[in-house]
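Okay, structure first, notes after.
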Amino acid sequence: MSFRAHLESVVSQVDGALACSVMGFDGISVETYQKDEATDLELNGAWVEYANLLTQLKNAADVLKTGAVTELSVNSDKVLTIIRLVSPEYFLVLAMRAEGNYGKGRYVLRVTAPKVRAEL
């Protein structure tokens, strides 16, 4: 199964999902699937910034010895963003409308992450 097929599957399974991407911590997208209704949002730019934030959080967790960061969410007025680590170099990111199904988004990313990891 290709990365794109996994990403389309995530978006189709989660109510309110707008886009999903496999990204590296360098901020470069490996693959992205985005619904047409989300083209007015600048998700890629936001995700690059979130990659920087996630890197800082991983470093803080190392220093504080709290264990590895596995998931992060950023909730704004219009978009819920859920980030799930796939490997030390890559993560999945899901953008949803603010009223989207947050719990289902978390679950689907958790289940999909090992599948994506196997293909990296």
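Going by the numbering used here, the letters in the sequence shown line up with residues 2 to 121, in that order. Each residue gets a CB set at the ideal place from its N, CA and C atoms; glycine is no exception.
Can you tell me which of the three DSSP states residue i falls into?
| i | result |
| --- | --- |
| T40 | coil |
| F92 | strand |
| V117 | helix |
| E72 | strand |
| V15 | coil |
| K105 | helix |
| K66 | coil |
Can you find the residues in the same chain that come closer than 7 Å, C-beta to C-beta, to residue i, ignoring five residues on each side of it along the sequence?
| i | result |
| --- | --- |
| E90 | G25 and F26 |
| A99 | D78, K79, V80 and L81 |
| N102 | V15, D16 and G17 |
| R118 | V87 and S88 |
Is there at least one non-hydrogen atom of the ligand FMN closer than 7 Å to the beta-carbon of residue i?
| i | result |
| --- | --- |
| V23 | You won't find the ligand FMN in this model; it holds no ligand whatsoever. |
Which partner residues of residue i appear in the DSSP bridge assignment?
| i | result |
| --- | --- |
| Q35 | A20 |
| I29 | Its beta-bridge partners do not exist; DSSP assigns none. |
| L86 | F92 |
| V80 | R98 |
Excluding sequence positions up to five away, which residues of its chain have a Cβ less than 6 Å from the Cβ of residue i?
| i | result |
| --- | --- |
| K59 | V70 |
| L86 | T71 and F92 |
Can you tell me which of the options puts its alpha carbon nearest to the alpha carbon of residue i?
| i | options | result |
| --- | --- | --- |
| N76 | L121, V94, K66 and V109 | V94 |
| E32 | N45, R111 and R5 | R5 |
| I83 | W48, A119 and E9 | W48 |
| S74 | S30, Y51 and I29 | Y51 |
| S13 | L110, L121 and P115 | L110 |
| L44 | K105, Q57 and I29 | I29 |
| K36 | L54, A62 and E9 | E9 |
| G104 | Q57, Y34 and V11 | V11 |
Spatial neighbours of residue i within its chain, please: C-beta separation below 8 Å, excluding the five flanking residues on both sides.
| i | result |
| --- | --- |
| L65 | none |
Segment contact flag, the segment 27-46 with the segment 69-77, C-beta cutoff 8 Å, min 3 pairs: no
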